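Q:
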Amino acid sequence: MAKTLPKTDIVTVGVGWVGGIIAAELTKKGYKVVGIERGKERSTEDYFMAHDELRYAERKEMMQDMSKETVTFRHNMKQRALPYREWGSFLIGDGVGGSGMHWNGQTFRFLPYDFEIFSKTVERYGKDKIPAGMTLQDWGITYDELAPYFDKFDEMTGLSGEPNPLPDAPQVKYPTPPMIETPVTKLFKETAKKMGYHPYHMPSANLTENYTNSDGIQRGACQYCGFCERFGCEYGAKASPVVTVLPVAKKTGKFEVRTHSVVRKVLHTNGRASGVLYVDTRTGEEFIQPADVVVVSAYQMNNIKILLNSKLGKPYDPKTGTGVVGKNYAYQTYLGRARGFFDDKEFNLYGGAGALGAQIDDFNGDFFDHSKLDFLHGATMHITHLGDRPIANNWVPPGTPTWGKEFKEKSTFYANRNLILAAQGASMPWQDNYIDLDPTYKDAFGDPLLRLTFNWKDQDRNLMKFMGDKSEAIMKEMGATHVLKGGDDIKDYDIRNYQSTHNTGGVIMGASPETSVLNNYLQMWDCENVFVPGASAFAHNSGYNPTNTVGALAYRAAEGIEKYLKQGGSLV
Numbered sequence: 002m003a004k005t006l007p008k009t010d011i012v013t014v015g016v017g018w019v020g021g022i023i024a025a026e027l028t029k030k031g032y033k034v035v036g037i038e039r040g041k042e043r044s045t046e047d048y049f050m051a052h053d054e055l056r057y058a059e060r061k062e063m064m065q066d067m068s069k070e071t072v073t074f075r076h077n078m079k080q081r082a083l084p085y086r087e088w089g090s091f092l093i094g095d096g097v098g099g100s101g102m103h104w105n106g107q108t109f110r111f112l113p114y115d116f117e118i119f120s121k122t123v124e125r126y127g128k129d130k131i132p133a134g135m136t137l138q139d140w141g142i143t144y145d146e147l148a149p150y151f152d153k154f155d156e157m158t159g160l161s162g163e164p165n166p167l168p169d170a171p172q173v174k175y176p177t178p179p180m181i182e183t184p185v186t187k188l189f190k191e192t193a194k195k196m197g198y199h200p201y202h203m204p205s206a207n208l209t210e211n212y213t214n215s216d217g218i219q220r221g222a223c224q225y226c227g228f229c230e231r232f233g234c235e236y237g238a239k240a241s242p243v244v245t246v247l248p249v250a251k252k253t254g255k256f257e258v259r260t261h262s263v264v265r266k267v268l269h270t271n272g273r274a275s276g277v278l279y280v281d282t283r284t285g286e287e288f289i290q291p292a293d294v295v296v297v298s299a300y301q302m303n304n305i306k307i308l309l310n311s312k313l314g315k316p317y318d319p320k321t322g323t324g325v326v327g328k329n330y331a332y333q334t335y336l337g338r339a340r341g342f343f344d345d346k347e348f349n350l351y352g353g354a355g356a357l358g359a360q361i362d363d364f365n366g367d368f369f370d371h372s373k374l375d376f377l378h379g380a381t382m383h384i385t386h387l388g389d390r391p392i393a394n395n396w397v398p399p400g401t402p403t404w405g406k407e408f409k410e411k412s413t414f415y416a417n418r419n420l421i422l423a424a425q426g427a428s429m430p431w432q433d434n435y436i437d438l439d440p441t442y443k444d445a446f447g448d449p450l451l452r453l454t455f456n457w458k459d460q461d462r463n464l465m466k467f468m469g470d471k472s473e474a475i476m477k478e479m480g481a482t483h484v485l486k487g488g489d490d491i492k493d494y495d496i497r498n499y500q501s502t503h504n505t506g507g508v509i510m511g512a513s514p515e516t517s518v519l520n521n522y523l524q525m526w527d528c529e530n531v532f533v534p535g536a537s538a539f540a541h542n543s544g545y546n547p548t549n550t551v552g553a554l555a556y557r558a559a560e561g562i563e564k565y566l567k568q569g570g571s572l573v
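Residue numbering for the sequence shown is 2 to 573, as defined by the numbering used here.
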């Protein structure tokens, strides 16, 4: 029988960016917060001299243990879903800090177009532009309403960058100057400008100078070591919950983190939650943590799983299009890219940083006319200087044998002579791309696993083909001797190969309970003291990385929680 613990004001399910922001903001206001975290405690000291590519990048030490919990996957409803046994397409972080520990630091604001995508698409192109089966909808909030919360996230992290030079792009004043210019970013920018595009340095949460934010958190500048993605930052230069918001919450004395604790359910009756049921994975003991407010702040997929296993909200039915929990799962397209091999240029590709790069948005959002195109939205196109580690990077030009003398010679020759021009494309929601509970497979605690039903649509394939053509043209103009082009003949989504940890949707926000789970304070329509910030709230996915928008929504939710604790009831 579960042991009931003393009540707290707020309990967060997960202690990553969302849980950390909620904890920092609400403890500063005097509220008590308990954070329940499935993984272990993490600190900057854990990563001193830990540039171990095999351990972290290849064996995925910072990721969720798939032997205890994973998802099942299928391409369509006619197939039987099977468990995702080895990390591939996306990587779900584990431990204090969550995915905010192993990210790269690329930190964009979603566009004004994104938040009102249905209305703006219909206004410009008419309803017929939206294909049958695409469940496109507005978010119930505008960019202007969310802008102050973006500002908060930028200031807290010490974000750097350059203004987007496109005339209609939001102009952001960053707290710190851009990351360094390298021969790689310089070559791309000069080429893109010559071709009539609008390049700029991408916004980065890897500090470019020593910085103190308004909470008094001091951090040192990035050393450009090249070990960001899939690694913790030994310098604290890469913004993470562990070096920004969590120290603020802990300093108040009103925040407690319980590690190695997996939340199984939110407990609720008659439209109100009373707390959460969780298990200590070290002892097997179960506990009930009562709270006035429950914040479901885990990774996007885990948020959906907790709501479905808690019977909170109406599960989505893809056959009828009714219900909301599990609806509008979206990913990103990442195959419309071009890799160039240079016989006459050599670059230092080992050093770098997770968000050291330049990009163009000329083909992102609705910055270009879609009237004669067979897709909506678009993609960013960027070149990055992340740090090419030796195990993962061994590229040779097309037509090279995969073994033998020629392979070895070209592998060595092109090690610092190849560049990737990537196109990260938006993902639109579809009626038959969704998430529910698997009827067969269960996790280590006996709860059903999530079942992911997802595949590319012609929308995605057309966008990838379009971006592949554009990427190839720019790469050739940059002087590449050989170009390996992507985007052609895209078949089924392949969950085995890494693409992006930008999973979104399933617990979406919106303007009404008929079409969404949450209002624009990330408060559940059906259970007024449950808030679910995070990428699961996105009604579709953009061409940008999601973290800044996740952070802004978390600050918005924190404001809403404070209002709720004072006045109660639905905030919208």
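Glycine included, every Cβ here is placed at the ideal spot set by N, Cα and C. Owing to the predicted nature of the structure, the values given are computational and were not obtained by experimental measurement.
1) Could you tell me the distance, in whole angstroms, from the CA atom of residue 49 to the CA atom of residue 440?
2) Name the two residues that bound the continuous alpha helix (DSSP H) containing residue 23.
3) Mind checking whether residue 295 and residue 267 have CB atoms under 7 Å apart?
4) Taking C-alpha atoms, which residue in 3, 442, 505, 241 lies nearest to residue 84?
5) By how many angstroms is the C-alpha of residue 351 removed from the C-alpha of residue 393?
6) Identify which residue in 343, 556, 338, 445 has its Cα closest to the Cα of residue 468.
7) What do you get for residue 544, buried or exposed, if any count of 16 or more other CB atoms within 10 angstroms of its CB means buried?
8) Can you look up residue 532 in the DSSP assignment and give me helix, strand or coil?
9) If you draw a straight line from the alpha carbon of residue 108 to that of residue 229, how long is it in whole angstroms?
10) Inspect the CB distances between the segment 114 to 126 and the segment 51 to 62 and report whether three or more fall short of 8 Å.
11) So, for residue 43: in the same chain, excluding its five sequence neighbours on each side, which residues have a beta-carbon less than 8 Å away from its beta-carbon?
12) What does the alpha-carbon distance come out to for the pair residue 470 and residue 421?
13) Measure the CB-CB distance between residue 279 and residue 298 and report whether it falls below 7 Å.
14) I think residue 589 touches residue 362, with their Cβ atoms under 8 Å apart; what is that distance to the nearest whole Å?
15) For residue 507, collect the residues of the same chain with a Cβ closer than 6 Å to its Cβ; drop the 5 residues on either side in sequence, then sort them by chain order.
16) In terms of alpha-carbon separation, which member of 504, 369, 400 lies closest to residue 198?
17) In chain order, what residues of the same chain have a beta carbon less than 7 Å from the beta carbon of residue 563, not counting five sequence neighbours either side?
18) Can you name, in chain order, every residue of its own chain whose Cβ lies under 8 Å from the Cβ of residue 464, other than the five neighbours on each side?
19) List the DSSP bridge partners of residue 5.
20) Measuring straight from C-alpha to C-alpha, what distance separates residue 47 and residue 236?
21) Should residue 480 go down as buried or exposed, given a rule of 16 or more other Cβ atoms within 10 Å for buried?
22) Residue 72 to residue 63, Cα distance in whole Å?
23) What are the start and end residues of the alpha helix (DSSP H) that includes residue 63?
24) Which residues does DSSP pair with residue 234 in a beta bridge?
25) If you drop the 5 nearest sequence neighbours on each side, which residues of the same chain put their C-beta closer than 6 Å to that of residue 399?
26) Nearest CA to the CA of residue 126: which residue from 475, 371, 423?
27) What does residue 449 pair with, by DSSP beta-bridge criteria?
28) Suppose contacts are defined by Cβ-Cβ distances below 7 Å. Is residue 358 in contact with residue 206 by that definition?
29) At which residues does the beta strand (DSSP E) containing residue 152 begin and terminate?
30) State the DSSP-derived secondary structure class of residue 269, mapped to helix, strand or coil.
31) Could you spell out where the beta strand (DSSP E) holding residue 341 opens and where it closes?
32) I'd like to confirm the pairing. Which residues does DSSP put opposite residue 219 in its beta bridges?
33) Closer than 6 Å by C-beta to residue 424: which residues in its own chain qualify, once you throw out the five before and the five after it? Chain order, please.
34) Quick check on DSSP: helix, strand or coil for residue 459?
35) Using the C-alpha atoms, what's the distance from residue 153 back to residue 553?
36) What does a CB cutoff of less than 6 Å around residue 539 pick up in its chain, not counting 5 residues either side in sequence?
A: Inspection of the coordinates gives the following:
1) Looking at the two C-alpha atoms, the distance is approximately 44 Å.
2) Taken as a continuous stretch (DSSP letters only), the alpha helix (DSSP H) holding residue 23 covers 18 to 29.
3) It is a contact, given that the beta carbons lie within the stated cut-off.
4) The shortest C-alpha separation from residue 84 is found at 442.
5) C-alpha separation (whole angstroms): 12 Å.
6) Considering only alpha carbons, the answer is 338.
7) Burial of residue 544 is indicated by the presence of at least 16 other C-beta atoms within 10 angstroms of its C-beta.
8) DSSP places residue 532 in strand when its eight states are reduced to three.
9) Distance between the alpha carbons of residue 108 and residue 229: 14 Å.
10) The segment 114 to 126 vs the segment 51 to 62: no contact.
11) For residue 43, where only same-chain residues beyond five positions count, the Cβ hits under 8 Å are 96, 97, 98, 102, 233, 243.
12) Each residue's alpha carbon lies about 14 Å from the other.
13) Between residue 279 and residue 298, the CB-CB gap reaches or exceeds 7 Å.
14) For the chain, the structure presents residues 2 to 573; residue 589 sits outside this window and is missing.
15) Within the same chain, 305, 327, 330, 436, 537 come within 6 Å of residue 507 by CB-CB distance, once the 5 residues on both sides are set aside.
16) Ranking 504, 369, 400 by Cα distance to residue 198 puts 369 first.
17) Apart from the 5 residues on each side of it in sequence, residue 563 sits with its Cβ closer than 7 Å to the Cβ of 27, 30 in its chain, given in chain order.
18) Taken in chain order, the residues that qualify are 334, 337, 376, 378, 379, 380, 426, 427.
19) Partner(s): 289.
20) About 11 Å.
21) Residue 480 comes out exposed.
22) Here the alpha carbons of residue 63 and residue 72 stand approximately 18 Å from one another.
23) Unbroken run through residue 63: none, as it is neither H nor E.
24) For residue 234, which the question treats as bridged, DSSP gives no partner whatsoever.
25) Setting aside the 5 residues that flank it on each side, residue 399 is surrounded in the same chain by 485, each with a C-beta closer than 6 Å to its C-beta; the list follows chain order.
26) Here the closest residue by C-alpha is 371.
27) Under DSSP, the beta-bridge partners assigned to residue 449 are 443.
28) Not in contact: residue 358 and residue 206 (Cβ atoms no closer than 7 Å).
29) In the DSSP annotation of this structure, residue 152 is not part of any beta strand (DSSP E); the continuous alpha helix (DSSP H) holding it starts and ends at 144 to 158.
30) Strand at residue 269.
31) Start and end: 339 to 342.
32) 213.
33) The answer, listed in chain order, is 337, 338, 380, 382, 468, 472.
34) Secondary structure of residue 459 (DSSP, three-state): helix.
35) Their backbone Cα atoms lie some 7 Å apart in a straight line.
36) 505, 506, listed in sequence order.
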